[in-house]
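**Q** Chains as they are written, first to last, in our numbering: chain L, 931 to 1115; chain B, 931 to 1115. Just so you know, even glycine gets a beta-carbon here, dropped at the ideal spot from N, CA and C. Predicted, not measured: the structure shown is a model, and the values here were computed from it.
2 protein chains.
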Amino acid sequence: MSNWFETLGGLKSRVWETLARGVAEPEHPARLPNFATLSADGWPEVRSVVLRSVSHRDHSLTVHTDLHSAKMRSLRAHPRAALHVWDAEQALQLRLQAEVSIATGTDTRALWEKIPDHALQSYGVVPRPGARIETALDYVKQPDPATFAVLTCRIVTIDVVHLGPDHRRASFSRASNWAGQWLSP
Amino acid sequence: MSNWFETLGGLKSRVWETLARGVAEPEHPARLPNFATLSADGWPEVRSVVLRSVSHRDHSLTVHTDLHSAKMRSLRAHPRAALHVWDAEQALQLRLQAEVSIATGTDTRALWEKIPDHALQSYGVVPRPGARIETALDYVKQPDPATFAVLTCRIVTIDVVHLGPDHRRASFSRASNWAGQWLSP
Chain L
931 MSNWFETLGG
941 LKSRVWETLA
951 RGVAEPEHPA
961 RLPNFATLSA
971 DGWPEVRSVV
981 LRSVSHRDHS
991 LTVHTDLHSA
1001 KMRSLRAHPR
1011 AALHVWDAEQ
1021 ALQLRLQAEV
1031 SIATGTDTRA
1041 LWEKIPDHAL
1051 QSYGVVPRPG
1061 ARIETALDYV
1071 KQPDPATFAV
1081 LTCRIVTIDV
1091 VHLGPDHRRA
1101 SFSRASNWAG
1111 QWLSP
Chain B
931 MSNWFETLGG
941 LKSRVWETLA
951 RGVAEPEHPA
961 RLPNFATLSA
971 DGWPEVRSVV
981 LRSVSHRDHS
991 LTVHTDLHSA
1001 KMRSLRAHPR
1011 AALHVWDAEQ
1021 ALQLRLQAEV
1031 SIATGTDTRA
1041 LWEKIPDHAL
1051 QSYGVVPRPG
1061 ARIETALDYV
1071 KQPDPATFAV
1081 LTCRIVTIDV
1091 VHLGPDHRRA
1101 SFSRASNWAG
1111 QWLSP
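Below, the structure is given as structure tokens:
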């Protein structure tokens, strides 16, 4: 019987289990992946996002954001993202490349209706996120379904590293139908 | 007497104190910033790095890497990085934009001599990091000063967010001589 990190199949299953735990468990490190994009003026960017849903079947995941956030401008210019999770407990690093599509307006209204009131505070601020203001609190939270966007990230590649007594690294890609390939760590 | 997060000066000081703690304290979240780059083929990338030194005076920091890692190819094509730290205890997010310069060979030899033996294992693997291998452990760690690179990140902008009962966000930039500007969060 091998450990999960010793086979390509074991690693692949663990990737999806870990992402699913990120959605289900508020304290899990996969709850807050680091989400990297490329700005319209050519700078890499990275910030935390909240993982909202994961589909192993579709090899996709979703994230919610404010339509007026800087990452929306970046994604409109370059609809690609990299996601990164470091799970210290499992000594597991996940890195995903994803193509990102944006849903807004009527497409997201049903989802908006289900968001608890306190969480709505994350969508809609006046002036828009990143706008210059005179003093620290010169803004108003103004929850507004018109500013709510759902990012669907269609995963293209997965790079996974397990840091054990021996390090193991593998990649899985849509192009190879997720077959898996060992890589030098 | 105001709290540190209520003034631009207080936030700026806290940014540098936090980065300095990352260098000094192995368990501090600023020890392992998320480091985003742009690959030669146009994909955003992000991974953890270890923060090795910080200079408030120069507004710079350093990171060590393997010369044959993928991020080196990215940085040679696009010498820019974004660094991100989420410090849950302080409810503080730091995001830095930096121009990156690469030092190798004789320029880094004095530093190499000071690295403890166990840490040398991080520099030099055959085949190079990311190369395809037949089975998981088909690689050898081979510490080699010729594969050791020091990345000096010259900070261009700092974006800081404090998530308190009220959220506060500010930016500081080299272009404005680090004067500070409140932003809508």
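Can you list, in chain order, the residues of the region 1001 to 1027 of chain L whose Cβ is nearer than 8 angstroms to any Cβ on chain B?
**A** Residues passing the 8 angstroms Cβ filter: His1008, Arg1010, Ala1011, Ala1012, Leu1013, His1014, Trp1016, Gln1023, Arg1025, Gln1027.
**Q** Please report how far the alpha carbon of Phe965(B) lies from the alpha carbon of Thr1077(B), in whole angstroms.
**A** When rounded, the distance between both Cα atoms is 20 angstroms.
**Q** Of all the residues that make up the region 1052 to 1064 of chain L, which are near chain B by a beta-carbon distance shorter than 9 angstroms?
**A** Those residues of the region 1052 to 1064 of chain L that come within reach of chain B (Cβ to Cβ, closer than 9 angstroms) are Val1055, Val1056, Pro1057, Arg1058, Pro1059, Gly1060, Ala1061, Arg1062, Ile1063, Glu1064.
**Q** Which term fits Cys1065(B), buried or exposed, when burial requires 16 or more other beta carbons within 10 angstroms of its beta carbon?
**A** According to the sequence shown, residue 1065(B) is Thr rather than Cys. With fewer than 16 Cβ atoms within 10 Å of its Cβ, Thr1065(B) is classed as exposed.
**Q** Counting only beta-carbon atoms, is Gln1111(B) nearer than 7 angstroms to chain L?
**A** So yes, Gln1111(B) belongs to the interface.
**Q** Helix or strand or just coil, what does DSSP make of Trp1108(L)?
**A** Of the three classes helix, strand and coil, the one that applies to Trp1108(L) here is coil, per DSSP.
**Q** Since Ala1028(B) sits in a beta bridge, which residues does DSSP pair it with?
**A** Ala1028(B) is bridged to Ala1011(B), Ile1085(B).
**Q** If you compare alpha carbons, which of Ser999(B), Leu938(B), Glu936(B), Arg982(B) is closest to Arg951(B)?
**A** Comparing Cα-Cα distances from Arg951(B) to each of Ser999(B), Leu938(B), Glu936(B), Arg982(B), the minimum goes to Arg982(B).
**Q** Strictly below 8 angstroms CB to CB, what residues from chain B border Ser978(L)?
**A** His1014, Trp1016, Gln1023, listed in chain order.
**Q** Check this for me: beta carbons of Arg1084(B) and Val1091(B), under 7 angstroms apart or not?
**A** No, they are not a contact pair.
**Q** According to DSSP, which residues form a beta bridge with Asn964(L)?
**A** Ser978(L), His1014(L).
**Q** Around the C-beta of Val976(B), are 16 or more other C-beta atoms found within 10 angstroms, so that it is buried, or is it exposed?
**A** By the 10 Å Cβ count, Val976(B) comes out buried.
**Q** Count the other CB atoms within 10 Å of the CB of Gln1123(L); is the residue buried (16 or more) or exposed (fewer)?
**A** Chain L is shown from 931 up to 1115; residue 1123(L) falls before or after that span and cannot be answered.
**Q** Taking 7 angstroms as the CB-CB limit, is Asn1107(B) close to chain L?
**A** False, the Cβ-Cβ gap to chain L never drops below 7 angstroms.
**Q** I need the straight-line Cα distance from Val984(L) to Trp1042(B), nearest angstrom please.
**A** Going by the C-alpha atoms only, they are around 43 angstroms apart.
**Q** Out of Met931(B), Asn933(B), Lys942(B), Phe935(B), state which residue places its alpha-carbon closest to the alpha-carbon of Gly1110(B).
**A** Of the candidates Met931(B), Asn933(B), Lys942(B), Phe935(B), the one whose C-alpha sits nearest the C-alpha of Gly1110(B) is Lys942(B).
**Q** Residues of chain L with CB under 7 angstroms from Thr1067(B), in chain order?
**A** For the sequence presented, residue 1067(B) should be read as Leu rather than Thr. Residues of chain L passing the Cβ test: Asp1096.
**Q** Can you tell me where the alpha helix (DSSP H) holding Arg951(L) begins and where it ends?
**A** Note, Arg951(L): alpha helix (DSSP H), 938 to 954.
**Q** In chain B, what lies closer than 8 angstroms to Asn933(L) by C-beta?
**A** Result: empty, since nearest Cβ-Cβ is about 11 angstroms, beyond 8 angstroms.
**Q** When you compare the CB of Glu955(B) with every CB in chain L, is at least one pair closer than 7 angstroms?
**A** It does not: the Cβ of Glu955(B) has no partner Cβ on chain L nearer than 7 angstroms.
**Q** Using a C-beta to C-beta distance shorter than 8 angstroms, which residues of chain L count as neighbours of Pro1115(B)?
**A** In chain order: Val1055, Pro1059, Tyr1069.
**Q** Quick check on His994(L): buried or exposed, where buried means 16 or more other Cβ atoms within 10 Å of its Cβ?
**A** Answer is buried; the Cβ neighbour count reaches 16.
**Q** With a Cβ-Cβ cutoff of 7 angstroms, do Leu1081(L) and Val1015(L) count as a contact?
**A** Going by C-beta atoms, Leu1081(L) is not nearer than 7 angstroms to Val1015(L).
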